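Residues in the sequence shown are numbered from 607 upward in steps of one, following the working numbering.
Have a look at the structure below, then the notes.
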Amino acid sequence: MKLHSMESQRKQILSGNLRMLLFKFSLPGVIGMVVSALYNFVDTIFVGQGVGSLAIAALTIVFPVQIVMLAIGLMIGVGSASIISRALGRNDHELAAKAGGNAFILNILINSVLMIPAFIFSDKILIFFGASKDVLPYARDYISIILFGFIFFSFSLAANHIIRAEGKPRAAVYPMIVGAVLNIILDPIFIFVFKMGVKGVALATIISQFASCVYIVIYTFYGKSIFRPGVSMLTPDLRMMKNILFIGFPSFLMAIIDSVIFLIYNRAILYYGSDLYVAIAGIVIRIIDLTVMPILGISYGFSTIASFNYGAKLYSRVRRVFSEAILWTTVIATVGFIATMFFPRQLLGIFSNDPELINMGVLPMRIIVVFLPILGFLIVGGVIFQSIGKPLPALIIEFSRQVIFLIPAIFILPLFFGLNGVMLSWPVSDFLSFLVTGAFVFYEFRIINRGIIAGQKEA
């Protein structure tokens, strides 16, 4: 019965209406990613309203550490999801199950190794990341607890990709919703009732992440997943692990580079500005995340459809679903642009009642989001290469955006524009990356178009 259901799902992906399929596979992911973004968004709101601006700055300083957690989950999740989707496109259930089991093993190994030194050197890490003497106590309180959720967060993220890769996008959303809703409930309790400050926010987060993991384990044992923990599925396969890490590495590197960039960015803000501007940057990041996350949700839904069809050599469908994904991600990015460009005071006011912070934050927000409408193309343009098993172009695209363009911009532009130059570095790098991404996508689709023509001649 399960194989019949999976075969029906496969046929639908390979022959169904692409717009409807994209909505079907993306909508749960969009909801899930938005709900996931609410973790940091809601945390920052309650911290700003219940503790103060310095506490928001502390969360911003710790953010690069959380990105490392994200990086591991993305690498394992994206890498294994690509293998699983292409295997299922070829109707190879055994290979798909093996990829899921080895992804679980990788998550335990990598996170266990990294968590210990993070605890031991937490103070040095925070100071290196830009925590001033005023912000350090808040950052220390937060990181001392949030690190306990390291494995839970990474496992949940990787499992979300895997569940979605087997053609169950709706099932992938539920653990995210469980965690986010619980986090929203616990935040005000720990901050306003138990007066725990940023420690309360961190505790609420790891409890919520653990709840997500519990849900995933229950789903694996009792749901309709093709994955059933057993000796064959959980037998380590070094070649499989290497393949997962290789395919997922661009996502890992992208996130790690993000972590390094936030480190440099925070230190540049402190050099040209103050702790209050670090808090403002943290708020703007949370707001933009609400635009980025639904775009990521669409890109992940697109990735599953593209992987299945590419594996089945249905190249014309890959091309058409790419166009659909670009259309809808651009619409979302444009809506985010309008909100942040024309209503910055109202958005900043959600996080803080401090009039000084609101007045200081208007211009930085508008500068950062000036090229937000092209964000959809940047994200989907990178994901297409991972979904078809070509991680190198995705790696080059992200490397050019973050390393070649953004990092030099953070150092160079402030020499001419001061603090505004630090903020301007984001849109400048996005625009230059748009040109690079466009070149790679254009070349790849020339190859895909030749495959379409060859298929038509054979038919």
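Each residue gets a CB set at the ideal place from its N, CA and C atoms; glycine is no exception.
All figures in this text were calculated on a predicted structure; none of them were measured in a lab.
DSSP assignment within the stretch 865-946 yields the following whole alpha helix (DSSP H) runs of 4 residues or more, N-terminal first: 881-917.
With a contact defined as Cβ atoms closer than 8 Å, Gly-685 and Ala-778 miss out at about 16 Å. For Val-799, there is no enclosing alpha helix (DSSP H), since its DSSP letter is neither H nor E. The Cβ-Cβ distance between Pro-999 and Phe-1046 falls below 8 Å.
Residue environment: Gly-1024 is assigned as exposed (fewer than 16 neighbouring CB atoms within 10 Å of its CB, all protein chains considered). A distance below 8 Å separates the beta carbons of Ala-939 and Ile-901. In the DSSP assignment, Val-671 falls within the unbroken alpha helix (DSSP H) covering 659-695.
A direct Cα-to-Cα measurement between Ser-760 and Met-675 gives close to 6 Å.
By the Cβ test, the stretch 664-673 is not in contact with the stretch 921-933, since fewer than three Cβ pairs between them sit closer than 8 Å. Cβ contact annotation for Ser-642 (same chain, cutoff 7 Å, sequence separation greater than five): Met-782, Ala-786, Met-899, in chain order. One Cα belongs to Val-989, the other to Tyr-748, and the distance between them is close to 33 Å. Taking Leu-809 as the centre and dropping the five residues before and after it, the same chain places the C-beta of Ile-751, Leu-792, Phe-796, Met-802 closer than 8 Å to its C-beta, in chain order.
Ala-777 sits in a helix when the DSSP states are folded into three classes. The DSSP-derived three-state label of Met-839 is coil.
Where Ala-705 is concerned, the enclosing alpha helix (DSSP H) starts and stops at 699-726. Between the stretch 911-921 and the stretch 690-703 there are three or more inter-stretch CB-CB distances shorter than 8 Å, so the stretches are counted as touching. The beta carbons of Gly-903 and Ser-632 sit closer together than 8 Å. Note that the C-beta distance between Ile-964 and Gly-955 is below 8 Å. Note that the C-beta distance between Gly-635 and Gly-907 is below 8 Å.
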